[in-house]
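Residue numbers (our numbering): 1327 to 1682.
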């Protein structure tokens, strides 16, 4: 074990905690696994016939709420509401050490592709889980749970999603030299349409197939530490335009209707208002997603993420015209230029053949 993890402080302590929790005196085996875009270290600890998941996440913020604090606070909150998240069995947020209930190693993405599952059937279960999350999670959720701002407001949308797209995808990945002011009017309008100045609802913010596990005949939700107050429609949009699964357009529309049928009664808005918000956050999420793929694929040199750019860009090119040419004219012009100049295929040539 030490030859594999000799540079991983805290592992020995977690192994001993796992031995105590499992009550085993048998030999313990440790096997690493890694998240796609995360710098956190995950590993599976086999204790006899059972297993736990260990997480080591070095603390970034010493004197304020850190991602580790959010992981612990939000994880315990969601579990207390009966939502399907792995139980946190041991935590030292200050040192960034956690032991978690094992939710298996089968992502929804791989379940769909390897089992040839009926997409409509499985995604109806996912949408049901999402509705339960949006209904139950707001009760008792506190702003202090959030390490990275507590509200998805227009300034957050502008800086953390739209500018991320400009900097990491348009300039960093495609090689443009687009200045902040070039897209500012469009970005300000979209940020205002997508963001909320106040909200009593909370949402996950990365609700997609690689953060959903299939284990013991149920769905499990991971990576909830970025949850905050804001529009529930964002999670639905994130799920439906997820490039890891590529949900067909017709099924996307059906799942929106299914979500509204169950959630509309407690969202407190008309269906028209919900759809308008959904379309705005879908566009913001689409831009954020392209920014993330550019950042991870180029800046972090995790080239497997470049393979997902074509579908993400295809979604953008399909949904942006629905707003009309006068609402986001500068963004429309940029997207048209990217498409016309054939920049997406040349960008993806740097990716490996198998993104998975």
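Glycine included, every Cβ here is placed at the ideal spot set by N, Cα and C.
Legend entry - alpha helix (DSSP H) runs contained entirely in the segment 1379 to 1443, provided each spans 4 or more residues: 1393 to 1406 and 1434 to 1441
Legend entry - Contact belief for residue 1520 with residue 1483 at Cβ below 8 Å, rounded distance in angstroms: 5 Å
Legend entry - Straight-line Cα distance separating residue 1349 from residue 1582: 46 Å
Legend entry - Residue nearest to residue 1499 in terms of C-alpha spacing, selected from 1359, 1632, 1446 and 1641: 1632
Inset, instruction - Note the first and the last residue of the continuous beta strand (DSSP E) segment covering residue 1364. - result: Careful: residue 1364 lies outside any beta strand (DSSP E) and carries neither H nor E.
Legend entry - Option nearest residue 1337 by Cα separation, candidates 1666, 1625 and 1424: 1424
Inset, instruction - Check residue 1635 in the structure and name its three-state DSSP category. - result: helix
Legend entry - Rounded straight-line distance, which links the Cα of residue 1616 to that of residue 1541: 30 Å
Inset, instruction - Could you spell out the range, first to last residue, of the beta strand (DSSP E) harbouring residue 1544? - result: 1544 to 1547
Legend entry - Neighbour-count burial assignment, residue 1330, 16 or more Cβ in a 10 Å radius: Note that residue 1330 has pLDDT 49, beneath the 50 cutoff, so the model's placement of it is unreliable and no number is given.
Legend entry - Classification of residue 1328 by the beta-carbon crowding that lies within 10 angstroms, buried from 16 upward: Reliability of the predicted coordinates at residue 1328 is poor, the pLDDT of 45 falling under 50, and no value is obtained from them.
Inset, instruction - Quick one: using the 10 Å Cβ neighbour count with 16 as the cut-off for buried, is residue 1489 buried or exposed? - result: buried
Inset, instruction - Kindly indicate the opening and closing residues of the beta strand (DSSP E) around residue 1538. - result: 1538 to 1541
Inset, instruction - Determine, using beta carbons only, whether residue 1381 and residue 1368 come nearer to each other than 7 Å. - result: yes
Legend entry - For residue 1328, the three-state DSSP class (helix, strand or coil): Bear in mind that a pLDDT of 45 at residue 1328, under 50, signals an unreliable position, so the model cannot answer this.
Inset, instruction - Measure the beta-carbon distance from residue 1653 to residue 1517 and round it to whole angstroms, keeping in mind my assumption that it falls under 8 Å. - result: Actually they do not touch by this definition, with Cβ atoms about 13 Å apart.
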